[in-house]
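For reference, the structure is listed below as structure tokens.
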Amino acid sequence: MSYSSGRHFLQIPGPTNVPERVLRAMARPTIDHRGPEFSRLALELLEGVKEVFKTSGKVLIFPSSGSGAWEAAMVNTLSPGDSVLMFETGQFATLWQEMAGKLGLNVHFVPGDWRHGADPATVESMLSEDRSHQIKAVGVVHNETSTGVASRIAEVRKAMDRAHHPALLMVDSISSLGSMDYQHDAWGIDVTVGGSQKGLMLPPGLSFNAISEKALAASKTARLTRSYWDWEAMLNTNKSGFFPYTPATNLLYGLRESLAMLREEGLDNVFARHARHGEATRRAVRAWGLEVLCLNAAEYSSSSTSVLVPAGHNADELRKTILERFNMSLGNGLNKLAGKVFRIGHLGDFNDLMLAGTLSGVEMGLALAGVPHKAGGISAALEYLTQAAQEARPDAVYHHA
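Sequential numbering from 0 applies to the sequence shown in numbering that gives the first Met the number 0.
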């Protein structure tokens, strides 16, 4: 093994780079999770995390990956044999519906091409036809990490309202939370699933359920088996700042710091930054003559971009070349996209110069791997970023080479 100088560029769509501030916060000595200091920390976080979900309701924090929060959302609100409507928007939507089936739910899984989000018109049509209200929940992934496609959740909610259907709306926000505008209350979401390792700039290990009063009421009569994921046990102990089992104490220290960082930047500025980086990346991809996987501009992700490689070329070989030559990790294609796409993560603790370095590594890698492309992707991205910086500071003077 030889030493690689400089930092490793971790440009997968999560886990993302963990900021130094968060790492230092997590390095604090572990405290008694039954003591008063911990209680104060937990109460602060349980209130503070509501800002990111844009909710005034309850948010539960589990020591788990996002998959655990998927399960918690369903077992607390549904009963064996209940019907759920879900959409094949990518790998994580597919995994979520597989879990639903394993839990004993009857899944209506609407097939998709992995290049579009959930179709609000289909939601309205299927729910309108369900006159006996057999469908108890609609499950949608907001930002599909595997494809770079963002479903239009506000439009899905409006479609459900037009159908006058009482189904719960459950949304996976794992790769959009803290990166893209997300409004649990305003969009009428009943259960939001979140995770720590993406826009919240933490390592994996925390997951979240933001819950509406309607979802809480459903939990009183739901009959799926639950123990570890039981909302009631969590809510009861959270009242005094504790958890029904050992929490991830040091990750909670990190969460406090990441919430402070998001607050300092301002969520609207965070969303604008991610949108800027998404657009700059797509401009680079088009200048290279390559194709963005997402086909609908209204569904572009601000968190990540999935890029198709030309037929006859393997995206994993390109990723291998970039990792070995430039010490940069890109996301691989998952499931039916294996070898066909590479994924550029541009979320979390990330700025313009980091994106410029990322795109430079991709452009050099394309050349070294022999992938047909045009030059000029970097120039297209930098021109856009420079223009955006000028518009943000109109008094500034920018000198062009």
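The C-beta atom is built at its ideal place from N, Cα and C for all residues, glycine as well.
Continuous alpha helix (DSSP H) stretch holding Lys219: start and end
In the sequence shown, residue 219 corresponds to position 220, counting from 1. It is not in any alpha helix (DSSP H) - Lys219 carries neither H nor E in the DSSP assignment.
Under 8 Å between C-beta atoms of Ser328 and Phe91:
In the sequence shown, counting from the first residue as 1, residue 328 sits at position 329. In the sequence shown, counting from the first residue as 1, residue 91 sits at position 92. A distance of 8 Å or more separates the beta carbons of Ser328 and Phe91.
Since Ala72 and Val192 should fall inside the 8 Å C-beta cutoff, what is the C-beta to C-beta distance between them, to a whole number of angstroms?
The residue given as residue 72 occupies position 73 in the sequence shown. The residue given as residue 192 occupies position 193 in the sequence shown. Contact flag correct, Cβ pair sits at about 5 Å.
Rounded separation between Ala216 and Ile173 - CA only:
Here residue 216 refers to the residue found at position 217 of the sequence shown. Here residue 173 refers to the residue found at position 174 of the sequence shown. About 24 Å.
Once DSSP output is grouped into helix, strand and coil, what is the label at Lys101?
For this step, residue 101 is matched to residue 102 along the sequence shown. Helix.
Classify Gln386 as buried or exposed, calling it buried when 16 or more other Cβ atoms lie within 10 Å of its own Cβ.
As a working mapping, residue 386 is identified with position 387 in the sequence shown. Exposed, since its Cβ has fewer than 16 Cβ neighbours within 10 Å.
Could you give the first and the last residue of the continuous beta strand (DSSP E) run that contains Pro62?
Residue mapping note: residue 62 aligns to position 63 of the sequence shown, counting from 1. Its beta strand (DSSP E) spans residues Lys57 to Pro62.
Is DSSP giving Glu231 helix, strand or coil here?
The sequence position of residue 231 within the sequence shown is 232, counting from 1. The answer is helix: DSSP assigns Glu231 an H, G or I state.
Since I believe Val21 is in contact with Leu201 (beta carbons under 8 Å), could you give me their beta-carbon distance rounded to a whole number of angstroms?
Translated into positions along the sequence shown, residue 201 becomes position 202. Translated into positions along the sequence shown, residue 21 becomes position 22. Between Leu201 and Val21 a beta carbon distance of about 6 Å is seen, short of the 8 Å cut, so the two are scored as contacting.
Note the first and the last residue of the continuous beta strand (DSSP E) segment covering Thr29.
Residue numbering aside, residue 29 sits at position 30 when the sequence shown is read from its first letter. Neither: Thr29 is in no beta strand (DSSP E) and is coded neither H nor E.
Closer than 8 Å is the cut-off here; do at least three beta carbon pairs connect the segment 246-262 with the segment 69-88?
In this structure the segment 246-262 does not touch the segment 69-88; the number of beta carbon pairs closer than 8 Å is below three.
Can Pro246 and Pro14 be called in contact, C-beta distance under 8 Å?
Sequence index remark: in the sequence shown, residue 246 carries index 247 (1-based). Sequence index remark: in the sequence shown, residue 14 carries index 15 (1-based). Not closer than 8 Å, so no.
Return the first residue and the last residue of the beta strand (DSSP E) that Met169 is part of.
Against the sequence shown, residue 169 aligns to sequence position 170. Note, Met169: beta strand (DSSP E), Leu167 to Asp171.
Take Trp230 and list the residues in its own chain whose beta-carbon comes closer than 8 Å to its own, dropping the five residues that flank it on each side.
Residue numbering aside, residue 230 sits at position 231 when the sequence shown is read from its first letter. Leaving aside the five residues that flank Trp230 on each side, the residues in its chain whose CB is nearer than 8 Å to its CB run, in chain order, Leu59, Ala71, Asn75, Asn208, Ile210, Leu215 and Ser218.
Could you check what DSSP says for Gly330 in three-state terms: helix, strand or coil?
Your numbering for residue 330 matches position 331 in the sequence shown. Here Gly330 sits in strand by DSSP.
For His141, count neighbouring Cβ atoms within 10 angstroms of its own Cβ and tell me buried if that reaches 16, exposed if not.
Taking the first residue of the sequence shown as position 1, residue 141 is located at position 142. It is buried - the Cβ of His141 has at least 16 other Cβ atoms within 10 Å.
Could you round the C-beta distance between Phe341 and Gly356 to whole angstroms and report it? I think they count as a contact, below 8 Å.
Stepping through the sequence shown from its first residue, residue 341 is reached at position 342. Stepping through the sequence shown from its first residue, residue 356 is reached at position 357. At roughly 16 Å, the Cβ-Cβ gap does not stay under 8 Å, so Phe341 and Gly356 are not in contact.
Looking at Phe108 and Glu87, is the spacing between their C-beta atoms short of 8 Å?
On the sequence shown, residue 87 is found 88 positions in, with the first residue counted as 1. On the sequence shown, residue 108 is found 109 positions in, with the first residue counted as 1. Yes. Within cutoff.
Compare the C-alpha of Leu167 against each of Arg151, Gly138 and Ser145 and name the closest.
Taking the first residue of the sequence shown as position 1, residue 167 is located at position 168. Ranking the options by Cα distance to Leu167, first place goes to Gly138.
I'd like the span of the beta strand (DSSP E) that includes Ser131, first residue to last.
Taking the sequence shown and counting its residues from 1, the one referred to as residue 131 is at position 132. Element bounds for Ser131: n/a, residue is neither H nor E.
When DSSP labels each residue in this structure, what does Asn75 get in the three-state scheme?
Indexing the sequence shown from 1 puts residue 75 at position 76. Coil, per DSSP.
Between Ala51 and Gly369, what straight-line distance do the alpha-carbon atoms span, to the nearest angstrom?
Here the question's residue 51 lines up with position 52 in the sequence shown. Here the question's residue 369 lines up with position 370 in the sequence shown. Rather than Ala, the amino acid found at residue 51 in this sequence is Val. The alpha-carbon atoms of Val51 and Gly369 are separated by roughly 43 Å.
Within its chain, find whatever has a CB closer than 8 Å to the CB of Ala221; leave out the 5 residues flanking it on each side and keep chain order.
As a position in the sequence shown, residue 221 is number 222, starting the count at 1. Excluding positions up to five away in sequence, the list reads Val74, Asn75, Thr76, Leu77 and Ser78.
Quick check on Thr224: buried or exposed, where buried means 16 or more other Cβ atoms within 10 Å of its Cβ?
If you number the sequence shown from 1, residue 224 lands on position 225. By the beta-carbon neighbour count (other beta carbons within 10 angstroms, threshold 16), Thr224 is exposed.
For Ser378 versus Thr144, is the C-beta distance shorter than 8 Å?
Here the question's residue 378 lines up with position 379 in the sequence shown. Here the question's residue 144 lines up with position 145 in the sequence shown. For Ser378 and Thr144, no; Cβs fall outside 8 Å.
In three-state DSSP terms, what is Ile188?
By one-based count along the sequence shown, residue 188 stands at place 189. Of the three classes helix, strand and coil, the one that applies to Ile188 here is coil, per DSSP.
If the criterion is Cβ atoms closer than 8 Å, does the pair Met159 and Val190 meet it?
Here residue 159 refers to the residue found at position 160 of the sequence shown. Here residue 190 refers to the residue found at position 191 of the sequence shown. It is not a contact, given that the beta carbons lie outside the stated cut-off.
Across which residues does DSSP place Glu143 in a beta bridge pair?
If you number the sequence shown from 1, residue 143 lands on position 144. For Glu143, which the question treats as bridged, DSSP gives the partners Val148.
Which whole-angstrom value describes the C-beta separation of Gly459 and Ser206, a residue pair presumed to lie in contact below a C-beta threshold of 8 Å?
The chain is shown from 0 up to 400; residue 459 falls before or after that span and cannot be answered.
Round the Cβ separation of Gly376 and Leu352 to the nearest angstrom and send it over; I've been treating them as touching at under 8 Å.
Start at 1 with the first residue of the sequence shown, and residue 376 comes out as number 377. Start at 1 with the first residue of the sequence shown, and residue 352 comes out as number 353. Actually they are not in contact, since the Cβ atoms of Gly376 and Leu352 sit about 16 Å apart, beyond 8 Å.
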